[in-house]
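**Student:** After the structure tokens below, expect a handful of questions from me.
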Amino acid sequence: MFQAAQLKFINEETLLVEFGETLEDDIYQRVLNLDAALNGSIIARHLETLPTFRSLMIRFDASEIAPDALLLSLADLNSVQVSLNSTRWRVPICFEGECAEDLSEAAKLLNMPEDTLISRLLAHPLRLYMYGFAPGFAYLGGLDEQLTLPRRKDPRAPMPVGALMIAGGLASITSVSMPTGWYVLGQTPLAMFSAEREPMVPFAVGDELHLYRISLNNFSSMQGSDDLGMIKQLGSQ
Amino acid sequence: MTTQHILIQRAPMGVSLQDAGRSGYLRFGVSAAGPMDWARHEMANRMLGKPAASTAIEVGPAGLGLSLDEGELQISFAGPGFVLKLDERSLSGPVRAVLRAGQRLEIIPQRGAMWGYLGFLADLKLPALLGSQAENSVSRLSVKQIRAGVRLGIVSKPLIQPACQQFMDPFIIEESSPIGILPSSQYDHFSEEMKAALIENPVSIANRYDRMAYRLENVRLISEQGHDILSDGVTMGAIQVPGDGRPFILMADHQPTGGYPKIACVCKADLPRLAQMSPGRAFELAWLNLDLATHRWQSTQKQLESLAALKGTQ
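Protein sequences appear in the order of chains D and S.
Quick note: to get our numbering, add 10 to the position in the first sequence (first position is 1).
Quick note: to get our numbering, add 175 to the position in the second sequence (first position is 1).
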């Protein structure tokens, strides 16, 4: 499961299992596999895992499990078969008016009409690779390669909460408002994080998001609601 | 039991409720928060016989003023550089004392004071949010922000004897020894010269700092593989190197993931001394290995657990 992985203790209570340095599906799949295997194992209660694009960070309770013992447990997991369930969701995005502040700029830079940009964005599902940066801030992979734009040199004005952004070959859905080097193409009315809501984030790491277009009117009537009814489950795989 | 209230009279920026922090939610982008100085936070609780991870008030570099609406409350304070004024009495930490209704407690920073912890022998009448009462200044997750005018409901417990007691601070003796660092995730992205440069000259903390990060002065580092990496998980104490080459150390309110290369991480045993380093004060960094770092962390924990043995004179 972690052949060729690099195991690094990055402090006295944290092990980083690094499967690669690049964004690749099979690397990411190995991250998810180890994450699932660990969280299904008996040592799960002594640790917390953080899956990212290419590595799994494992924070362990050093008073309960020694570094060497953790490494042994990992070796045992090598033979464990895990079944991964990722759910497919339909996620509403508005590409009109203030929801799409950088759409025309991005379309010009990509040298394609706005409608083509949107169609390409909607043509394939995106995968929620990880949350990071802020509660509920989602990084999405699987973006059409034609939609690769470098990050801006100078950050733009703060993006809205719920912005769908692209840069560096990735997409993201934001949960905070702050200056950004990414391009804001659209906005979802969905609240990506609510500490009081169960679940606090709408999607699990590894889920597939099928974006669909909604009008500005629909966006306005749905925005600000903690209701998860606006996203529809398409099934799992 | 009747509910009393801690009345916050003066709370400049930088005051917050902190327990040991949140765990279990990193994967949703929710960082742990928790105290800047885990050892003094633990000390404040242990002086009252409370579990180490209990909620205490973290006092920032501008101090705090408060009073009690009725009855009495046993309090404790740990944190270098602060003076406690309890009416006309002056105390300095680590100390256990009693606050009575009508008295005014002022926690006053002296030159260079950074973070202190006010413990209270009482149950705090607040819920937990995602398993914790810690406030994160970046994500704004909190159960109660400590501002002037806030009333904290508590139910106090019987006093421990002796009611007023001075303790010793185990960190004072090693004050000038180097801050130990361990290799972190992108250690291999840096040349031998860069690894040597990090510890070559004394460094200091820049004037602008917060609960999220401390910027290091007097050192410039270059990563051979660039300064934009694919984000990965980060830890408190990690030394990140952005494109301008000026490293910064991630502190309690850091985000769960980071996209800059991390050359090193401050060891657990020295995080308290680093957190308490006032801006401009020179200190040295020194590479450690994991075994030594773990050993030092464990012996620091043992010292704190046997706090009774540290009792000084009253």
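Note that CB positions come from ideal geometry on N, CA and C, so glycine has one too.
1. Label D217 of chain D either buried or exposed according to how many other C-beta atoms from any shown protein chain fall within 10 Å of its C-beta, with 16 as the threshold for buried.
2. Who pairs with W462 of chain S in a beta bridge, going by DSSP?
3. Using a Cβ-Cβ cut-off of less than 7 Å, give me the residues of the segment 192 to 209 of chain S that come near chain D, in sequence order.
4. Can you give me the start and stop residues for the alpha helix (DSSP H) that H402 of chain S sits inside?
5. For N21 of chain D, name the three-state secondary structure that DSSP assigns.
6. For L391 of chain S, report the span of its beta strand (DSSP E) as first-last.
7. From which residue to which residue does the alpha helix (DSSP H) around S230 of chain D run?
8. According to DSSP, simplified to helix, strand and coil, what is D71 of chain D?
9. In three-state DSSP terms, what is K242 of chain D?
10. Just the chain D side, please: which residues come within less than 8 Å of T432 of chain S by C-beta, in chain order?
11. Would the beta-carbon of C109 of chain D fall within 8 Å of that of Q243 of chain D?
12. Are there 16 or more other CB atoms within 10 angstroms of the CB of Q285 of chain S, so buried, or fewer, so exposed?
13. Any residues in the segment 440 to 474 of chain S with a beta carbon nearer than 8 Å to a beta carbon of chain D? Which ones, in chain order?
14. Is the CB-CB distance between V211 of chain D and Y149 of chain D below 8 Å?
15. Can you tell me which residues form a DSSP beta bridge with I52 of chain D?
16. Please report the distance separating the alpha-carbon of A253 of chain S from that of F342 of chain S.
17. Who does K437 of chain S pair with in a DSSP beta bridge?
18. Which runs of the beta strand (DSSP E) fall wholly inside the segment 306 to 357 of chain S and span at least 3 residues, in chain order?
19. Using the three-state DSSP reduction, which class does F147 of chain D fall into: helix, strand or coil?
20. Residues of the segment 400 to 425 of chain S in Cβ contact with chain D at a cutoff of 9 Å, in chain order, please.
21. In this structure, does DSSP put L195 of chain D in helix, strand or coil?
22. For the segment 326 to 344 of chain S against the segment 300 to 313 of chain S, are there 3 or more C-beta pairs whose distance is under 8 Å?
23. By DSSP, does C109 of chain D sit in helix, in strand, or in coil?
24. In chain order, which continuous runs of the alpha helix (DSSP H) of length 4 or greater are located wholly inside the segment 182 to 237 of chain S?
25. Which chain S residues sit within Cβ distance under 8 Å of T32 of chain D?
**Tutor:** Taking the geometry as given:
1. Buried: at least 16 other Cβ atoms inside 10 Å.
2. Answer is S:I356.
3. Taking 7 Å as the Cβ-Cβ cut-off against chain D, the residues of the segment 192 to 209 of chain S that qualify are S198, G199, L201, R202, F203, G204, V205.
4. Unbroken run through H402 of chain S: none, as it is neither H nor E.
5. Looking at N21 of chain D - three-state DSSP - the assignment turns out to be strand.
6. From DSSP, the beta strand (DSSP E) with L391 of chain S extends over 388 to 392.
7. 226 to 232 is the span of the alpha helix (DSSP H), which, as asked, contains S230 of chain D.
8. DSSP places D71 of chain D outside both helix and strand once states are collapsed to three, so it counts as coil.
9. Three-state result, K242 of chain D: strand.
10. Annotation: Cβ neighbours of T432 of chain S in chain D (cutoff 8 Å, chain order): L60, T62, M140, G142, F143.
11. Not in contact: C109 of chain D and Q243 of chain D (Cβ atoms no closer than 8 Å).
12. So Q285 of chain S ends up on the exposed side.
13. Against chain D - using a Cβ distance shorter than 8 Å - the residues of the segment 440 to 474 of chain S are C440, C442, K443, L465, A468, T469, W472.
14. No, the pair does not count as a contact, with Cβ atoms beyond the cut-off.
15. For I52 of chain D, DSSP records no beta bridge to any residue.
16. Distance between the alpha carbons of A253 of chain S and F342 of chain S is about 9 Å.
17. When DSSP reads this structure, K437 of chain S sits in a beta bridge with S:Q415.
18. Listed in chain order, the complete beta strand (DSSP E) runs (minimum 3 residues) inside the segment 306 to 357 of chain S are 326 to 331.
19. F147 of chain D sits in coil when the DSSP states are folded into three classes, being neither helix nor strand.
20. Of all residues in the segment 400 to 425 of chain S, only Q400, D403, I404, L405, S406, D407, G408, V409, T410, M411, G412, A413 come within less than 9 Å of chain D when Cβ atoms are compared, listed by chain position.
21. In the structure shown, L195 of chain D sits in a strand (DSSP, three-state: E or B).
22. Yes, the segment 326 to 344 of chain S touches the segment 300 to 313 of chain S.
23. Under the three-state reduction of DSSP, C109 of chain D is assigned to helix.
24. Listed in chain order, they are 213 to 221.
25. Residues of chain S passing the Cβ test: L405.
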